[in-house]
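Scroll down for the structure; my scribbles are underneath it.
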Amino acid sequence: MYTEASARSTSTSTLPPADPRLFSTPEAEEIKKEICAVGRKLWLRQFVDGNGGNISYRIGPNEVICTPTLVSKYDLTPEDLCLVDLEGHQVAGTKSRTSEIFLHLEIYKAVPEAKSAVHCHPPHATAYAITGKVPPNLIIPEFEVFVGKVAISPYKTPGTAEFAQTVLPFVRDHNTILLANHGIVCWADTVTHAEWYAEVLETYCWTLMLASQLSSPISYFTEQQASDLLEMKKKLGLPDARFDDTHFEECLAAEKQSSNKLEGKLAGIDLETLVRTITKSVLETLGAK
Ligand SMILES: [Zn+2]
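Residues 5 to 293 in our numbering are what the sequence shown lists, from first letter to last.
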């Protein structure tokens, strides 16, 4: 749970100096291959553009493997990767580390169970991020279980320490955060899982946008259906702000309100008049030619 004290990231002064040998162990070689495979997935799914997006994995207490700057995620090879300490100093690798590594490091310092972080710009989720809108909950089971309540952190210039710290109030209770006017960041126990959460969020945002073009209201889960899903999520050990009972009640009330609002709006539309107006205007346009 977020408190003033938790907003400050953990001090790294007690950590031993980063060990560059951790960059070439058999485990590190496997992680590097996984990072490259995930980079390719991100590019193929159009979640990253140009040299955008970055991926990291915490391999030791003060050692993080990360992607370099200025390389497309499609073209990544294990030789391109870098090793940094929790302060962002590079200790191994020939290419320069991503300038957005501080975002990842803040997450590792604040959440002990976070082993990997993926930052990318998937278009539909980023559309939410640029409008400051968080997708509603209680609609699709996979989203509730693997992502759940998404937070949105305020905009700051990418690559700065200020930007990296914008996620601190949310990152313990949310494994997926919208970064205002920028993209998203997800953390998980493995690189593959962090990319899965990006996929789950992107598909969800896309589906909601498609549904918004239909004239039927969205059906929301009942209170019982929602708590069954949260129970399942708890067993999987995934974080969710709604595990706190007051949060859960607030969330249900908010979702109910938005579902009522939507139904109210749709009920207020006279479809017949709408169709007649559109037909008339189309006929007028055709007649004018
Ligand atoms: Zn970015």
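Built from N, CA and C at the ideal position, the CB exists for glycine as well.
Sufficient close CB pairs (3 or more, under 8 Å) joining the region 58-66 to the region 113-126:
yes
On the three-state DSSP scale, how would you describe Tyr6?
Along the sequence shown, read from residue 1 onward, the residue named residue 6 stands at position 2. In this prediction, Tyr6 has a pLDDT of 41, which is less than 50 and means its spatial position is unreliable; what the coordinates show is noted afterwards. Note: Tyr6 maps to coil in three-state DSSP.
Within its chain, find whatever has a CB closer than 8 Å to the CB of Glu166; leave out the 5 residues flanking it on each side and keep chain order.
Locating residue 166 in the sequence shown gives position 162, counting from the first residue. If we look at Glu166 and ignore the five residues flanking it on each side, its Cβ neighbours are Lys160.
Euclidean distance between Cα positions of Leu234 and Thr98
Your numbering for residue 234 matches position 230 in the sequence shown. Your numbering for residue 98 matches position 94 in the sequence shown. About 45 Å.
Where in the region 16-100 do unbroken runs of the beta strand (DSSP E), each at least 3 residues long, occur, reported from the N-terminal end onward?
58-64, 67-70, 86-88, 94-96
Please report the distance separating the alpha-carbon of Asn141 from that of Cys209.
Locating residue 141 in the sequence shown gives position 137, counting from the first residue. Locating residue 209 in the sequence shown gives position 205, counting from the first residue. If you take the alpha carbons of Asn141 and Cys209, they lie about 11 Å apart.
Helix, strand or coil: which one does DSSP assign to Ala192?
Numbered from its first residue, the sequence shown carries residue 192 at position 188. Residue state, collapsed to three classes: strand.
What residues are listed by DSSP as bridge partners for Val171?
Against the sequence shown, residue 171 aligns to sequence position 167. Its beta-bridge partners do not exist; DSSP assigns none.
List the residues that DSSP assigns as beta-bridge partners of Ile156.
What you label residue 156 is simply residue 152 of the sequence shown in a count that begins at 1. DSSP, once it has assigned bridges, lists Leu182 as partnering Ile156.
Determine the DSSP secondary structure at Ser120, reduced to helix, strand or coil.
Walking along the sequence shown from the start, residue 120 turns up at place 116. Three-state result, Ser120: strand.
Less than 8 Å between the beta carbons of Gly163 and Glu104, yes or no?
Residue numbering aside, residue 163 sits at position 159 when the sequence shown is read from its first letter. Residue numbering aside, residue 104 sits at position 100 when the sequence shown is read from its first letter. The answer is yes: Cβ separation under 8 Å.
Could you tell me the alpha carbon to alpha carbon distance between Ser28 and Thr196, rounded to whole angstroms?
What you label residue 28 is simply residue 24 of the sequence shown in a count that begins at 1. What you label residue 196 is simply residue 192 of the sequence shown in a count that begins at 1. Taking the straight line from one Cα to the other gives about 20 Å.
Leaving out five residues on either side along the sequence, give the residues of the same chain with a beta carbon under 6 Å from the beta carbon of Ala309.
For residue 309 there is no data in the structure shown, the boundaries of the chain being 5 and 293.
Flag this pair as touching only if the region 71-84 and the region 29-49 have three or more C-beta atom pairs under 8 Å; answer yes or no.
yes
Using the three-state DSSP reduction, which class does Val115 fall into: helix, strand or coil?
Here the question's residue 115 lines up with position 111 in the sequence shown. In the structure shown, Val115 sits in coil (DSSP, three-state: anything other than H, G, I, E or B).
Taking the C-alpha atoms as reference points, what is the distance between Cys255 and Ile156?
As a working mapping, residue 255 is identified with position 251 in the sequence shown. As a working mapping, residue 156 is identified with position 152 in the sequence shown. At Cys255 the pLDDT is 47, less than 50, meaning the model places this residue with poor confidence; the figure from the coordinates comes in the next sentence. For Cys255 and Ile156, the distance between alpha carbons rounds to 15 Å.
Buried or exposed for Gly268, please, with buried defined as at least 16 other CB atoms from any protein chain shown within 10 angstroms of its CB.
One-based indexing of the sequence shown puts residue 268 at position 264. In this prediction, Gly268 has a pLDDT of 43, which is less than 50 and means its spatial position is unreliable; what the coordinates show is noted afterwards. Burial call: exposed.
By how many angstroms is the C-alpha of Lys36 removed from the C-alpha of Glu227?
Here the question's residue 227 lines up with position 223 in the sequence shown. Here the question's residue 36 lines up with position 32 in the sequence shown. Approximately 43 Å between the Cα atoms of the pair.
Given a threshold of 16 other Cβ atoms within 10 Å of its Cβ, counted over all protein chains shown, does Val279 qualify as buried or as exposed?
Numbered from its first residue, the sequence shown carries residue 279 at position 275. Since pLDDT at Val279 reaches only 48, below the 50 mark, its modelled position is unreliable, and the value read off the structure follows with that caveat. Val279 comes out exposed.
So is Asp248 in contact with chain D if we call contact Cβ pairs under 8 Å?
The structure shown has no chain D; it contains just one protein chain.
Quick one: is His123 buried, meaning 16 or more other Cβ sit within 10 Å of its Cβ, or exposed?
The residue labelled residue 123 in the question sits at position 119 within the sequence shown. His123 should be labelled buried.
Within the continuous alpha helix (DSSP H) that includes Ser231, where are the two ends?
Within the sequence shown, numbered from 1, the residue matching residue 231 stands at position 227. Counting along the chain, the alpha helix (DSSP H) containing Ser231 begins and ends at 227-240.
Proximal residues to Asp84 (C-beta, below 7 Å), its chain only, five neighbours per side dropped
Reading the sequence shown from its first residue, position 80 is the one you call residue 84. Once the five neighbours on either side are set aside, the close Cβ partners of Asp84 are Pro72, Val75, Lys99.
For Ala230, count the other beta carbons within 10 Å of its own beta carbon; 16 or more makes it buried, fewer makes it exposed. Which is it?
To locate residue 230, count along the sequence shown from 1; it is residue 226. Label assigned to Ala230: buried.
Got a sec: does ligand 1 put a non-hydrogen atom nearer than 7 Å to the Cβ of Gly187?
Sequence index remark: in the sequence shown, residue 187 carries index 183 (1-based). Yes, since a heavy atom of ligand 1 falls inside the 7 Å radius drawn around the Cβ of Gly187.
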